[in-house]
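Asker: Note that our numbering numbers the sequence shown so that position 128 is 129, with each residue one more than the last.
Just so you know, even glycine gets a beta-carbon here, dropped at the ideal spot from N, CA and C.
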Amino acid sequence: MKQHMVIDSPYGPLTLVADDGVLCGLYMAGQRHRPREETFGERDDTLFGDVTEQLDAYFAGELKEFTVELRLTGTPFQRGVWDRLRKIPYGETRSYGELAEALGSLGASRAVGLANGRNPVGIIVPCHRVVGANGSLTGYGGGLDRKQRLLDFESGAALF
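1) Quick one: what's got a C-beta closer than 8 angstroms to Ala109's C-beta in the same chain, skipping five residues either side?
2) Taking the alpha carbon of Leu115 as the point to measure from, which residue in Val69, Pro11, His34 and Gly13 has its own alpha carbon closest?
3) Strictly by DSSP, which residues pair up with Gln4?
4) Give the DSSP bridge partners of Arg95, in chain order.
5) For Leu151, is the classification buried or exposed, using 16 other Cβ atoms within 10 angstroms of its Cβ as the cut-off for buried?
6) For the region 81-101 against the region 40-58, are there 3 or more C-beta pairs whose distance is under 8 angstroms?
7) What separation, rounded to the nearest whole angstrom, lies between the Cα atoms of Leu24 and His5?
8) Taking the C-alpha atoms as reference points, what is the distance between Ser10 and Phe60?
9) What beta strand (DSSP E) runs, 3 residues minimum, are completely inside the region 76-120?
10) Determine the DSSP secondary structure at Val126, reduced to helix, strand or coil.
11) For the alpha helix (DSSP H) that Arg147 lies in, which residues bound it at each end?
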């Protein structure tokens, strides 16, 4: 059974979605590939105590690594990419090519980018930490402005 709640953040409202009580979605307003609202289930603002506590600590600059349980639904390749994203340290970036190489799929940087774009749990699965081979900002489902702000925040260039 799916349920959801909406919280405020420095990046706008975030919709948290649970499947049988386990976080399966974190979506920003206006996010590309955001599922339709009616798929999120009933609204329950009492959900996600641990998730909201960790997000609050992250936005306060006190948390560098999330430990919440996730239920990520995707192809085996997508899940592999999302798992690798969680291994990118706070404040660091990796290129799509570096992720493809780490997955043992040289030349699959485009496929990594597509999987990255379908990440259902933004911020916690830090797809914003992936950049182009030359360090340039490339696509981000939440918009390049948000991506830059998240990277600046993690690098210490901007605090909320």
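Answerer: Put simply:
1) Here residue 109 corresponds to residue number 108 of the sequence shown, with the count starting at 1. If we look at Ala109 and ignore the five residues flanking it on each side, its Cβ neighbours are Ala101.
2) The sequence position of residue 115 within the sequence shown is 114, counting from 1. Of the listed residues, the one whose Cα sits closest to Leu115 is His34.
3) Stepping through the sequence shown from its first residue, residue 4 is reached at position 3. Answer is Ala19 and Glu43.
4) Translated into the one-based positions of the sequence shown, residue 95 becomes position 94. Val131.
5) Counted from its first residue, the sequence shown places residue 151 at position 150. So Leu151 ends up on the buried side.
6) no
7) Residue numbering aside, residue 24 sits at position 23 when the sequence shown is read from its first letter. Residue numbering aside, residue 5 sits at position 4 when the sequence shown is read from its first letter. Cα to Cα, the separation comes out at about 9 angstroms.
8) Stepping through the sequence shown from its first residue, residue 10 is reached at position 9. Stepping through the sequence shown from its first residue, residue 60 is reached at position 59. Their backbone Cα atoms lie some 8 angstroms apart in a straight line.
9) none
10) As a position in the sequence shown, residue 126 is number 125, starting the count at 1. Correct three-state label for Val126: coil.
11) The residue labelled residue 147 in the question sits at position 146 within the sequence shown. Run containing Arg147: Leu145 to Ser156, per the alpha helix (DSSP H) assignment.
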